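In the working numbering, the protein residues as written are 18 to 275.
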């Protein structure tokens, strides 16, 4: 992510040989480590045994939010970390700047967005033992579950056997769009889900808030279509980008929706 002052922030993980921790790095416009951030431009956050950040967003006030997962050896939960502009964990967010959300046994956040009202939305997947579903979580500015969204701030969408959201965008009207893929046991297709501000399926988006798009030719032996990025145009049209495998080649894929 790029800050308003041009500094660059990246998030991922750092492995010390035993545990993996959330890791954030900030550099200046020339790529030099920013000494005003964390320790020599680096912040690591230890939550559990294995912690990995998959997404990053900058709030309007300059605070930095990272989302991913935290694995304690048995279960993986959505994990969010927030720090201030100096790379210090934000004590006003969750517990010492950390929020974890337990949905099912394996929950991973892949995408993150900040709403205009400051609420934080994370999207990814949640595995309930048999199926993996789209999962969205919304919390308030303090990291508390937003009770006006879904059930205790959580929305899951079961499309087929294996469904994962990799991208997220907030429309100007507040509706939330997530994109990824849906696997039916044989093939994988682009999958988009749109919900209203309360986390309810948007019946004006297709008919049930879910759109499945087959990109690869239907005559191929096996297809693997997967959306990995999402953008909303000024006219409201939605663009999903990713890849399409047609049994022979992996190709770039772009799909636009009205």
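Heads up, the beta-carbon is just placed ideally off N, CA and C, and yes, glycines get one too. In this text, all values refer to a predicted model and were calculated from it rather than measured experimentally.
The shortest CA-to-CA distance from residue 96 to any of 106, 73, 126 is the one to 126. Between the C-alpha atoms of residue 179 and residue 158 there is a straight-line separation of about 31 Å. By the C-beta density criterion, residue 150 is buried, having at least 16 other C-beta atoms within 10 angstroms.
Judged by DSSP secondary structure, residue 197 falls within the beta strand (DSSP E) whose first and last residues are 193-200.
Among the bridge pairs identified by DSSP, residue 150 is matched with 143. The three-state secondary structure of residue 224, taken from DSSP, is coil. The beta-carbon separation of residue 130 and residue 187, rounded to 5 Å, stays under the 8 Å limit for a contact. In this structure, residue 247 lies away from residue 233, with their beta-carbon atoms at least 9 Å apart. Note on geometry: alpha-carbon atoms of residue 81 and residue 45 lie some 16 Å from one another. In the three-state reduction of the DSSP assignment, residue 66 falls in the coil class. Nearest to residue 112 by C-alpha distance, out of 124, 98, 122, 103, is 98. In this structure, the alpha-carbon of residue 198 lies about 10 Å from that of residue 204.
Restricted to the stretch 61-139, the beta strand (DSSP E) segments that are unbroken, complete and at least 3 residues in length are 67-75, 81-88, 93-100, 115-118, 123-131, listed in chain order. The C-alpha of residue 39 is placed about 17 Å away from the C-alpha of residue 141. Beta-bridge analysis with DSSP links residue 243 to 260. Taking C-beta separations shorter than 8 Å and ignoring five residues to either side along the sequence, the partners of residue 163 in its chain run 136, 155, 156, 157, 170, following chain order. Collapsing the DSSP output to three states places residue 52 in coil. Check the Cα spacing between residue 29 and each of 42, 50, 249: the tightest is with 42.
Membership of residue 173 in the beta strand (DSSP E) is indicated by the continuous run 171-174.
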